[in-house]
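The listed protein sequences derive, respectively, from chains A and B. Straight run, no breaks: the first sequence in my numbering ends on number 206. Straight run, no breaks: the second sequence in my numbering ends on number 233. Positions of the beta carbon are idealized from the N, C-alpha and C atoms, including for glycine.
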Amino acid sequence: MTEVTADPVDQDPRLLRRLLRAKDRMDAASHEAWPVTRLAHVSGVSAAHFARSFKHAFGVPPHRYLLTRRIERATALLRDTDLSITEIAFQTGWGSLGTFGRTFRDITSENPGEIRLRARAAAHELGRVPGCIVSAAQRPGLTMAVSEKRRREEDDQNPSPHNKEMS
Amino acid sequence: MSQGVDVVGVYVQNQDEALAFYVEKLGFRVHTDVGSGDYRWLTVQHPEQPSFQLGLFTPGPPVLDAATAQAMRAMVAKGAMPPLVLTVDDCRATYERLRTQGVEFTQEPVDRYGTVDAGFRDPSGNGWKMIQARR
C-alpha cells in the first residue's frame, strides 16, 4: 500500500496555521499531556488528519515534538535553577524519574547532571540574546523517537516487508 | 537620522487582515498604502518610532512566481519566519490589553533574565516576542 505524501509546501496555509496553533499550545504547556485528540481539537481537524498533517508540516510526529520540548525545558531548568533532577522530571511532564533519565540520555547522550554542569559553564556567553530565543536555539535535535529507535533495532533483527520503505 | 534601516518587511497571508491586526489591535499607524493591480506596498509604523516602517507584504506576482509564493505562504503559516521583537514599557499590562482584543498569545508573560517577556502571533503566523524594556 502506498501512502500519498504531500509536499509540505503544498499543504493549505490555512491548515498549516491551525497546525501551528496546536504546536504553539504544546510549546506553552509541554508538561501537560497532549494526546492527538486534544491537539486535533485545537487545530479543528480529525485526529487521523491531524497526526498525518502535523508530521508532513513539521517533519516529526506530534508526540516526538513534545519530547524535544520537554527535554529543552528540562535543560533550561537544569541550567537556570537549583531544582533537583527529580523535581525537574516531574515539572517537565514525566511520570517517573526513570523514564525521564532514560529519555534524556537517549536524546542528548548525556546525563541530566552532566548537562547541568556544561550548560552553566556556557551560559554567560549567551547573555545578549533574548532568553526565549536562546531556549529555542538550544532545542535538542530529536531525529528519531526513542521507541522507534528500539523498534528499528528489533526490525533489523527480524526484517519485515511491512516496514520497508518504497523508493 | 539620514542613514539606517528604514523598512523591514514581513510576509502576510492577507494584507487587509494584517492591516486590521497591526493597526486596530497593536496600535500601529499606516505609513504607506499604495498599489496598482495585484501589487500593494503597505507599511505600518509604531507610533513612538517614526524612523522605522514595518512592511506587510503578500508573497506573489509580480515579485514572486506562484510556486515560490505558495512556499512562502506555507513557511509563514508554519511559524518558520525569523523572530520579531516588540519592546514595551509594561509587558503584563500590554498583554492584558491585547489579549482582551483577541490577540493570539503563544506565551503568557514570564519573569526572566531581569525582565518580563511574552509571545504572540499575527494572524498569518509571524511570531512576536514582547519584551519589557529594562529600566
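Would DSSP call GLN230 of chain B helix, strand or coil?
Within the second sequence, the letter at position 132 stands for residue 230 of chain B. Correct three-state label for GLN230 of chain B: strand.
Boundaries (first-last residue) of the beta strand (DSSP E) holding PHE155 of chain B
Reading the second sequence from its first residue, position 57 is the one you call residue 155 of chain B. Its beta strand (DSSP E) spans residues 151 to 155.
In terms of residues, what are the limits of the beta strand (DSSP E) holding ALA216 of chain B?
On the second sequence, residue 216 of chain B is found 118 positions in, with the first residue counted as 1. Judged by DSSP secondary structure, ALA216 of chain B falls within the beta strand (DSSP E) whose first and last residues are 213 to 219.
For ALA52 of chain B, decide whether its Cβ has a neighbour in chain A, counting only Cβ atoms nearer than 9 Å.
The question about residue 52 of chain B has no answer here: the residues shown for chain B are numbered 99 through 233.
Is ASP136 of chain B helix, strand or coil by DSSP?
Walking along the second sequence from the start, residue 136 of chain B turns up at place 38. It is coil, neither helix nor strand.
Go ahead and label ALA96 of chain A buried or exposed: buried means 16 or more other beta carbons lie within 10 angstroms of its beta carbon, across all protein chains shown.
The residue given as residue 96 of chain A occupies position 57 in the first sequence. Of the other Cβ atoms in all chains shown, 16 or more fall within 10 Å of the Cβ of ALA96 of chain A; this residue is therefore buried.
Runs of beta strand (DSSP E) lying entirely within the region 190 to 214 of chain B, each at least 3 residues, in chain order
As summarised for the region 190 to 214 of chain B, the continuous beta strand (DSSP E) elements at least 3 residues long and confined to that stretch are 202 to 210, given in chain order.
Do you know offhand how far VAL142 of chain B's Cα is from VAL128 of chain B's?
By 1-based counting over the second sequence, the position of residue 142 of chain B is 44. By 1-based counting over the second sequence, the position of residue 128 of chain B is 30. When rounded, the distance between both Cα atoms is 4 Å.
Cα separation between ILE124 of chain A and GLN50 of chain A?
Looking up residue 124 of chain A in the first sequence gives position 85. Looking up residue 50 of chain A in the first sequence gives position 11. It is roughly 41 Å from the alpha-carbon of ILE124 of chain A to the alpha-carbon of GLN50 of chain A.
Measure from the alpha carbon of ARG178 of chain A to the alpha carbon of each residue in A:ARG103, A:LEU122, A:GLU126, then state which is nearest.
As a first step, residue 178 of chain A must be located in the first sequence, where it is residue number 139. Cα-wise, what sits closest to ARG178 of chain A is A:ARG103.
Does any C-beta atom of chain B lie closer than 9 Å to the C-beta of GLN50 of chain A?
For the purposes of this step, residue 50 of chain A is taken as residue 11 along the first sequence, with counting starting at 1. Interface residue, yes.
Would you say GLU206 of chain B reaches chain A, if we count a Cβ-Cβ gap shorter than 9 Å as a contact?
In the second sequence, residue 206 of chain B corresponds to position 108, counting from 1. Yes, its Cβ sits closer than 9 Å to a Cβ of chain A.
On the DSSP bridge list, what partners appear for GLY107 of chain B?
Locating residue 107 of chain B in the second sequence gives position 9, where the first residue counts as 1. Looking at the DSSP assignment, GLY107 of chain B forms a beta bridge with B:GLY153.
Please report the Cβ distance between ARG171 of chain B and PRO157 of chain B, rounded to the nearest whole angstrom; I am assuming they are in contact, meaning their Cβ atoms lie under 8 Å.
Residue numbering aside, residue 171 of chain B sits at position 73 when the second sequence is read from its first letter. Residue numbering aside, residue 157 of chain B sits at position 59 when the second sequence is read from its first letter. Confirmed, about 6 Å.
Rounded separation between PHE93 of chain A and ALA161 of chain A - CA only
Translated into positions along the first sequence, residue 93 of chain A becomes position 54. Translated into positions along the first sequence, residue 161 of chain A becomes position 122. Near 34 Å, if we compare the C-alpha coordinates of ALA161 of chain A and PHE93 of chain A.
Is it buried or exposed for VAL174 of chain B, if we count other Cβ within 10 angstroms and need 16 for buried?
Here residue 174 of chain B corresponds to residue number 76 of the second sequence, with the count starting at 1. So VAL174 of chain B counts as buried.
Among B:CYS189, B:PRO221, B:VAL208, B:ALA231, which one has its Cα closest to the Cα of GLY200 of chain B?
Translated into the one-based positions of the second sequence, residue 200 of chain B becomes position 102. The closest CA to that of GLY200 of chain B, considering only B:CYS189, B:PRO221, B:VAL208, B:ALA231, is found on B:PRO221.
Contact set for TYR120 of chain B: own chain, Cβ-Cβ below 8 Å, skip 5 residues either direction
Here residue 120 of chain B corresponds to residue number 22 of the second sequence, with the count starting at 1. If the five residues before and after TYR120 of chain B are omitted, its C-beta is found closer than 8 Å to the C-beta atoms of PHE126, VAL142, LEU152, LEU154, ASP220, all from its own chain and listed in chain order.
Sequence-distant residues of its chain with Cβ nearer than 8 Å to ARG159 of chain A (five each side left out)
Walking along the first sequence from the start, residue 159 of chain A turns up at place 120. Closer than 8 Å at Cβ, skipping near neighbours: ARG118.
In the DSSP output, which residue or residues are listed as bridge partners for VAL84 of chain A?
Indexing the first sequence from 1 puts residue 84 of chain A at position 45. Looking at the DSSP assignment, VAL84 of chain A forms no beta bridge with any residue, so it has no partner.
How is the beta strand (DSSP E) around THR185 of chain B delimited, first residue to last?
Locating residue 185 of chain B in the second sequence gives position 87, where the first residue counts as 1. Where THR185 of chain B is concerned, the enclosing beta strand (DSSP E) stretches over 182 to 186.
Please look up how many angstroms separate the CB atoms of ALA67 of chain A and GLN205 of chain B, rounded, as I've assumed it's under 8 Å.
As a first step, residue 67 of chain A must be located in the first sequence, where it is residue number 28. As a first step, residue 205 of chain B must be located in the second sequence, where it is residue number 107. Their Cβ separation, rounded to whole angstroms, is 6 Å, which keeps ALA67 of chain A and GLN205 of chain B in contact under 8 Å.
Identify which residue in A:HIS70, A:PRO101, A:THR76 has its Cα closest to the Cα of LEU59 of chain A.
Working through the first sequence from its first residue, we reach residue 59 of chain A at position 20. Sorting A:HIS70, A:PRO101, A:THR76 by C-alpha distance to the C-alpha of LEU59 of chain A places A:PRO101 at the top.
Would you call GLU146 of chain B buried or exposed, if buried means 16 or more other Cβ atoms sit within 10 Å of its Cβ?
Mapped onto the second sequence, residue 146 of chain B falls at position 48. In the assembly as shown, GLU146 of chain B is an exposed residue. Its beta-carbon has fewer than 16 other beta-carbons within 10 Å.
Any Cβ of chain A within less than 9 Å of the Cβ of GLN199 of chain B?
Here the question's residue 199 of chain B lines up with position 101 in the second sequence. For GLN199 of chain B, no Cβ of chain A is located within less than 9 Å of the residue's own Cβ.
Simplified DSSP state of THR141 of chain B, which is helix, strand or coil
Position 43 of the second sequence holds residue 141 of chain B. Note: THR141 of chain B maps to strand in three-state DSSP.
Does the distance from the C-beta atom of ALA231 of chain B to that of THR166 of chain B stay below 9 Å?
Here residue 231 of chain B is taken as the residue at index 133 of the second sequence, counted from 1. Here residue 166 of chain B is taken as the residue at index 68 of the second sequence, counted from 1. No, the Cβ-Cβ distance between ALA231 of chain B and THR166 of chain B is not below 9 Å.
Output the distance between the C-alpha atoms of GLY134 of chain A and THR130 of chain B, rounded to the nearest integer angstrom.
Position 95 of the first sequence, counted from the first residue, corresponds to residue 134 of chain A. Position 32 of the second sequence, counted from the first residue, corresponds to residue 130 of chain B. Distance between the alpha carbons of GLY134 of chain A and THR130 of chain B is about 54 Å.
Could you pull the DSSP bridge partners for ARG127 of chain B from this structure?
Within the second sequence, the letter at position 29 stands for residue 127 of chain B. Paired residues: B:GLN143.
Segment limits, alpha helix (DSSP H) that includes LEU162 of chain B:
Stepping through the second sequence from its first residue, residue 162 of chain B is reached at position 64. For LEU162 of chain B, there is no enclosing alpha helix (DSSP H), since its DSSP letter is neither H nor E.
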